[in-house]
Amino acid sequence: MKGKKYFSFILLGRFFLTMTILFFLLSFTSSVYAHKVYLFAWGEGDTVYVDSYFSGKKKVIGGHVEVFDMSGKKLLEGVTNRKGAFSFKIPVKSDLRIVMESSMGHKAEYLLKADELQEDNATLTSTLINKEEEDVKVASTKVSVDIEQIRKVVEEVVDSRLKPVSRTIAKIREEKGPDFTDIMGGFGYILGLVGIALYFKSKEK
15 MKGKKYFSFI LLGRFFLTMT ILFFLLSFTS SVYAHKVYLF AWGEGDTVYV DSYFSGKKKV
75 IGGHVEVFDM SGKKLLEGVT NRKGAFSFKI PVKSDLRIVM ESSMGHKAEY LLKADELQED
135 NATLTSTLIN KEEEDVKVAS TKVSVDIEQI RKVVEEVVDS RLKPVSRTIA KIREEKGPDF
195 TDIMGGFGYI LGLVGIALYF KSKEK
């Protein structure tokens, strides 16, 4: 009998210890992710646009932004505005590593691939106009529109806009830590195991 009581005491002790650890884990995780910084960027024409925010969608105001090439050379720097945004002209047509540090010292990084820095829409439109002018000179009586070329241009424009969005969604999912539901789910799982153990111990008496 004493052995069973001792076992139950040890089990309850471990239970409360586990609950204490989970409580501090929950508090720590909530604090960390409340200040986690998210950063993403995309190219549009000859300009790169940067957006930044904390968890909860609060904008990072006054965040220090630095842009590097893949060799580590710093190309430029700046500060986010009241909307958490920053923009700059494309310095080189290559992969760009964009790093931002908030005023509280939290950092975020984003890799903007060179293939996301597509031609400006104006350049693409100009290409179509030139093609039509050439067709007019050749046909002299009508303008021949290359439907296949238009389709390809449209696909390029759409693809250039969707790539940054897709990569940003993937990045946010990858960086997303355990949320309140995940932690409470683990909490409930442990409670269930302890309850089952206590139930079977009571059956032995």
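Start counting the sequence shown at 15; every next residue gets the next number (this note's numbering). We treat Cβ as the ideally placed atom computed from N, Cα and C, and that holds for glycine.
- Of all C-beta pairs linking the region 64-83 to the region 104-122, three or more are shorter than 8 angstroms, placing the two stretches in contact.
- DSSP places Ile75 in the coil class of the three-state scheme, outside both helix and strand.
- The alpha carbon of Ala99 has as its nearest neighbour, out of Lys166, Val64, Met118, Ser108, the alpha carbon of Val64.
- Between Leu53 and Glu123, the beta carbon gap of about 7 angstroms places them in contact (Cβ cut-off 8 angstroms).
- Setting aside the 5 residues that flank it on each side, Thr61 is surrounded in the same chain by Ser101, Phe102, Lys103, Ile104, each with a C-beta closer than 8 angstroms to its C-beta; the list follows chain order.
- Taking the C-beta atoms as reference points, Lys121 is found no nearer than 8 angstroms to Val74.
- When DSSP states are grouped into helix, strand and coil, Arg111 belongs to the strand group.
- DSSP places Asp65 in the strand class (E or B) of the three-state scheme.
- Collapsing the DSSP output to three states places Lys166 in a helix.
- Its chain contains Gly76, Gly77, His78, Val79, Phe100 as the residues whose beta carbon lies nearer than 8 angstroms to that of Val93, once the 5 sequence neighbours on both sides are disregarded; these appear in chain order.
- Around the beta carbon of Gly119, fewer than 16 other beta carbons sit within 10 angstroms, so the residue counts as exposed.
- Sequence-distant partners of Ser66 (beyond 5 residues in either direction) whose C-beta falls short of 6 angstroms from its own C-beta, in its chain, are Leu53, Val74, Gly77, Thr94, Gly98, Met114.
- Proximity to Lys107 across Lys127, Ile164, Ser117, Arg96 peaks at Lys127, based on C-alpha coordinates.
- Check the Cα spacing between Lys87 and each of Gly70, Lys72, Asp109: the tightest is with Asp109.
- The residues Val81, Phe82, Asp83, Pro105, Val106, Leu110, in chain order, have a CB closer than 8 angstroms to that of Leu89 in the same chain once the five nearest residues on each side in sequence are set aside.
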